[in-house]
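In our numbering, the protein residues as written are 4 to 270.
Every residue, glycine too, gets a C-beta built ideally from N, C-alpha and C.
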Amino acid sequence: MAHLPAPRGAIRAEWVTIPVQTCAGVSEAAMPAWWARPAEGEPRGAVLVLPEVFGVNGWVRSVVDRLAGEGYGALAINTFWRTAPALDLGYDAEGLALGREHRDQVSAHQLLADAGSAAAWLRQRHGHQRLGCVGFCFGGHLALIAATLPCFAATCDFYGARVASFRPGGGAPSLELVEAIPGRLWCFCGGADPLMPPEEIAAIEAALTDADGGSPAREPGGRHRLIVAPGAAHGYLCEARADFNPEGARQGWAAMLKLFAEALAPG
């Protein structure tokens with residue numbers, strides 16, 4: 004079975020804590036995160052990684068490490084830190100059920116606080132003003148929300164389900180936020196994803212096209228894009244999942260790196 008590439012260059016990686024300003028009677032709290040960067044020299048850019056419902060597990064940490072091997076500073080935050088600071092689950096029925104319990108306690112408001120705090124940490128750490136963001140599954144949904152922050156020049160939403168019908172914590176569907184995204188947003192979906200039926204993919208395509216002034220979302224060259232992996236199911240980028248799709252994963256990874264190379268280049 005083919006796999007995503009291992010880190011190409013030497014890296015350094017470690018757990019860190021990110022200070023987060025809160026509004027619920029606590030002035031500041033510490034959010035766990037996995038941080039990796041090239042072993043030598045300054046990163047070429049910085050990327051925030053948002054995990055699946057399984058937390059900052061081994062696969063998510065491997066994504067961070069691979070991005071560091073490509074020359075980026077990459078930071079995976081635990082978006083479930085308020086209820087499960089050390090969430091690290093496997094890809095089985097028990098892990099999915101527990102992860103969904105914590106997922107259902109996350110709000111868009113909390114995510115924006117977490118993403119904004121992580122962005123401030125990245126900027127202070129390395130001075131990069133143009134940041135990237137990538138999320139997977141529920142993290143992909145959250146990445147679309149985070150993309151509304153002006154610090155993110157480029158965002159990749161991998162199979163973020165329910166964006167056309169739901170917003171974490173309540174409110175209008177998250178897809179309605181696309182018009183407010185100042186940077187570039189690329190959405191990746193599997194053509195056979197049971198969690199993202201054709202009507203949702205069509206809604207995503209329409210929203211991206213409208214927000215880009217009518218530039219067709221499935222065609223390259225626009226600010227926003229929709230990339231559908233034929234025959235791929237949910238979670239197709241992850242080797243640890245039964246639905247891993249080698250060709251879809253290869254193409255998705257390459258497209259993400261292309262976007263970050265273009266959008267995060269200095270100047």
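Residue i to residue j span [Cα, whole Å]
i: V231; j: G186; result: 21 Å
i: F139; j: G163; result: 6 Å
i: E242; j: P249; result: 8 Å
i: I204; j: Q108; result: 25 Å
i: R11; j: D68; result: 10 Å
i: G48; j: I21; result: 19 Å
i: E182; j: R133; result: 20 Å
i: H237; j: A121; result: 27 Å
i: G28; j: L125; result: Residue placement at G28 is poorly supported in this model, since its pLDDT is 47, which falls under 50; the coordinates still yield a value, given next. Rounded to the nearest angstrom, the two C-alpha atoms are 26 Å apart.
i: D215; j: G174; result: 24 Å
i: A220; j: A209; result: 8 Å
i: G135; j: F247; result: 24 Å
i: R170; j: A116; result: 16 Å
i: L92; j: G61; result: 9 Å
i: W38; j: L229; result: 29 Å
i: L70; j: A156; result: 17 Å
i: L78; j: Q127; result: 13 Å
i: P269; j: G76; result: 14 Å
i: L180; j: V19; result: 30 Å
i: S218; j: G225; result: 6 Å
i: H131; j: D213; result: 30 Å
Which listed residue (the options) has its alpha carbon closest to that of residue i
i: E17; options: I80, V137, L180, V56; result: I80
i: F191; options: G142, F169, A111; result: G142
i: A245; options: R64, A266, Y94; result: Y94
i: V50; options: A36, G61, L101; result: A36
i: A206; options: L115, V19, R165; result: R165
i: A266; options: W189, L198, L92; result: W189
i: M34; options: F83, N60, A77; result: F83
i: R64; options: I14, G255, L260; result: I14
i: R40; options: L147, W256, G72; result: G72
i: P201; options: P233, G76, A116, A111; result: P233
i: A167; options: Q127, C159, L211, V23; result: L211
i: A123; options: G98, A96, V23, A146; result: V23
i: V66; options: A100, E104, M259; result: M259
i: C159; options: A264, P269, W38; result: A264
CB-CB length for residue i against residue j, believed under 8 Å
i: H227; j: S177; result: Wrong, their Cβ atoms sit about 15 Å apart, outside the cutoff.
i: V137; j: R106; result: Actually they do not touch by this definition, with Cβ atoms about 18 Å apart.
i: G172; j: Y239; result: Incorrect: roughly 28 Å between the Cβ atoms, too far for contact.
i: G58; j: G102; result: 7 Å
i: A195; j: A252; result: Between A252 and A195 the Cβ distance is about 14 Å, and since that is not below 8 Å, they are no contact.
i: H129; j: E45; result: 6 Å
i: L198; j: I148; result: Not quite, the Cβ-Cβ distance comes to about 18 Å (not below 8 Å), so this is no contact.
i: A98; j: F161; result: Sequence inspection shows Gly at residue 98; the Ala mentioned does not correspond to that position. That pair is no contact at about 19 Å.
i: A146; j: L262; result: No, A146 and L262 are not in contact; Cβ-Cβ is about 13 Å, not under 8 Å.
Local conformation of residue i per DSSP, three classes
i: F155; result: strand
i: P22; result: strand
i: L90; result: coil
i: W38; result: strand
i: W189; result: strand
i: E97; result: helix
i: E182; result: helix
i: G61; result: helix
i: D298; result: The question about residue 298 has no answer here: the residues shown for the chain are numbered 4 through 270.
i: E222; result: coil
i: A16; result: strand
i: A123; result: helix
i: R228; result: strand
i: A116; result: helix
i: F169; result: coil
i: G76; result: strand
i: G44; result: coil
i: V109; result: coil
i: F161; result: strand
i: L53; result: strand
i: F263; result: helix
i: A258; result: helix
i: G135; result: strand
Residue i: CB within 8 Å of a non-hydrogen atom of the ligand FMN
i: R69; result: With respect to the ligand FMN, the structure offers nothing, as it holds no ligand at all.
- Within the chosen definition, does the stretch 86–100 reach the stretch 139–157 through at least 3 CB pairs nearer than 8 Å? no
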